[in-house]
Structure formats: structure tokens, C-alpha cells
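S.K.:
In this note's numbering, the protein residues as written are 14 to 275.
1. Taking 8 Å as the cut-off, does the stretch 146-160 touch the stretch 176-194 (at least 3 CB pairs, one atom from each stretch)?
2. Between residue 103 and residue 195, what straight-line distance do the alpha-carbon atoms span, to the nearest angstrom?
3. Under 8 Å between the Cβ atoms of residue 193 and residue 230?
4. Please report the distance separating the alpha-carbon of residue 35 from that of residue 28.
5. Between the C-alpha atoms of residue 226 and residue 107, what's the straight-line distance to the nearest angstrom?
6. Give me the Cβ distance between residue 40 and residue 130, rounded to the nearest whole Å; I'm assuming they're in contact under 8 Å.
7. Using 8 Å as the threshold, is the C-beta distance between residue 273 and residue 232 below it?
8. Could you tell me the distance, in whole angstroms, from the CA atom of residue 126 to the CA atom of residue 213?
9. Excluding the five sequence neighbours on either side, which residues of its own chain have a C-beta within less than 7 Å of the C-beta of residue 160, listed in chain order?
10. Counting pairs of beta carbons, one from the stretch 73-89 and one from the stretch 112-121, are three or more of them closer than 8 Å?
11. Within 7 Å: the Cβ of residue 101 and any heavy atom of the ligand ADP?
12. Compare the Cα-Cα distances from residue 93 to each of 62, 47, 65, 133 and report the closest residue.
13. In the DSSP assignment, the alpha helix (DSSP H) including residue 146 goes from what residue to what residue?
14. Quick one, which of 96, 142, 228 has its alpha-carbon nearest residue 181's?
15. Closer than 6 Å by C-beta to residue 49: which residues in its own chain qualify, once you throw out the five before and the five after it? Chain order, please.
16. Roughly how many angstroms lie between the CA atoms of residue 59 and residue 249, to the nearest whole one?
17. Express the C-alpha separation of residue 262 and residue 207 in angstroms, rounding to a whole number.
18. For residue 198, collect the residues of the same chain with a Cβ closer than 8 Å to its Cβ; drop the 5 residues on either side in sequence, then sort them by chain order.
In C-alpha cells form, the structure reads like this:
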């Protein structure tokens with residue numbers, strides 16, 4: 014799969030100047046393969062629609078590892094994970110090879126990430142399942158690209174940060190989960206600017222007494238931030254301790270139980 018990923022990059026380079034270039038279709042297919050595994054990329058129907066029915070298992074769900082999925086006796090599970098792994102390798106190879114031109118030379122890739130995140134994904138979002146799935150897929154693609162892109166395009170990815178934070182209180186649980194996972198991945202790669210926004214914009218959501226969706230989204234984001242960043246989070250612990258302690262008496266049981274795992 015690694016050799017195939019490098020070959021895909023070569024194919025994109027060869028076809029870039031063609032009038033009827035297949036590059037957009039190739040990139041869209043890679044994104045579709047990446048998000049085909051529903052144990053890795055959630056679906057809106059995977060979670061209860063009622064906010065009161067959300068459990069700690071929903072908030073702390075971790076996708077199974079590649080090794081666990083490939084050891085499954087279910088052929089569909091293995092096939093989906095193989096596709097996901099190969100697509101992730103190919104997209105990472107594209108990002109590394111194109112460097113600072115990754116989005117300017119591959120407009121379809123930027124559109125798959127940028128476009129769906131421009132819709133209203135907050136507590137009052139009117140997104141249907143199809144639109145929500147596009148946003149979920151965009152957050153998944155973003156998470157895969159982040160570690161591989163050149164530092165010169167970090168500013169473009171940071172432009173998506175307000176949209177990711179705005180999705181944390183989404184009424185669709187799968188969108189909240191992917192926003193939290195995307196924010197955590199961004200914090201690992203772009204630590205200082207992302208953590209500044211977390212302190213200024215995410216922590217206040219924990220104090221929103223009127224909107225349980227805000228507290229659920231912020232709680233899941235903090236849980237995943239701590240899990241992804243490990244020791245990187247220590248310089249910011251002084252800002253996190255008091256808000257986290259305050260949510261240990263939250264009226265929502267999933268918030269109370271999840272916040273204790275931060």
C-alpha cells in the first residue's frame with residue numbers, strides 16, 4: 014500500500030496538465046475510501062438523537078486499531094479498514110510530495126475539507142444526515158492531512174479552526190465527536206494557536222448552563238485533547254483544572270463521568 018500511495022502521487026503529477034485531468038476524481042475517490050470504514054468515521058445514525066440519551070461510551074468512543082480490525086472475522090470490516098489505511102497513506106503521500114502547493118495544485122482536496130465546514134453546524138443547525146456526513150468526512154480528512162502537510166500551509170488549516178470549534182455544540186453527536194477529534198489533532202500539530210482558542214472559546218462552553226450540547230461538546234473535546242496531546246498539555250494545565258473540576262457536578266451524567274477521565 015505504501016508503494017501504491019507513491020504511485021498515486023506520480024499519477025497525479027503526470028495527469029496534472031491534461032485538459033481532462035482525472036485528478037479530481039482520483040482525490041475524491043481516495044477521500045471516499047478513507048471515510049468508508051464506519052468504525053473509524055462515524056455516521057449520524059450511530060448515536061441516539063436525544064441529548065439526554067448520550068452516554069459516556071458515546072463521548073469516549075475510540076476507533077479500533079488497524080490490527081484489531083484486520084483480525085476481524087467479518088470480511089466487510091477487514092475490507093473497509095484496508096481501504097481506509099491505503100487511502101490515508103495515499104493522502105499523506107500527496108500532502109508530503111506537493112508541500113506548500115498541496116491545496117493550490119489539488120483544489121478538489123481543499124474543497125472536500127473546506128466546503129462542508131462552512132455550513133451552520135451549531136446547536137441550531139438545520140443540516141440533514143447527508144450534509145452532516147459531508148462535514149464528518151471533512152473533519153476526518155483534515156485529521157489525516159494535518160501531520161503530513163508542510164508548515165507553510167498551516168495558516169490555511171488554521172483558518173478552519175473557528176468552524177471546527179463551532180461544530181462542538183452540534184446537535185448531531187457524530188459531528189460533535191469528529192469535531193472533538195479534529196480539534197485534538199490540530200492541537201498536537203498547531204499547539205500554541207489552537208490551545209489559545211481552546212482556552213478562550215472552548216472552556217467557556219463548559220459553563221453554559223442553558224445548553225447541554227455546549228457542555229457535551231466541550232467535555233468531549235477536552236477528553237480527546239488530553240488523550241492526544243499527552244505531555245504537550247502540561248503547560249496549559251493551569252487553565253484547564255478549575256473548569257474541569259467545575260463540571261464534576263454537572264447535571265448530565267455523561268458530562269460528569271467523561272470529565273473525570275480528562
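Where a beta carbon is used, it is the ideal one built from N, C-alpha and C, also for glycine.
M.R.: Working from what's here:
1. yes
2. 19 Å
3. yes
4. 7 Å
5. 36 Å
6. In fact, because the Cβ distance is near 17 Å, the residues do not count as touching under 8 Å.
7. no
8. 24 Å
9. 202
10. no
11. This structure lacks the ligand ADP, and indeed carries no ligand of any kind.
12. 47
13. 142-158
14. 228
15. 93, 96
16. 33 Å
17. 27 Å
18. 155, 156, 159, 160, 241
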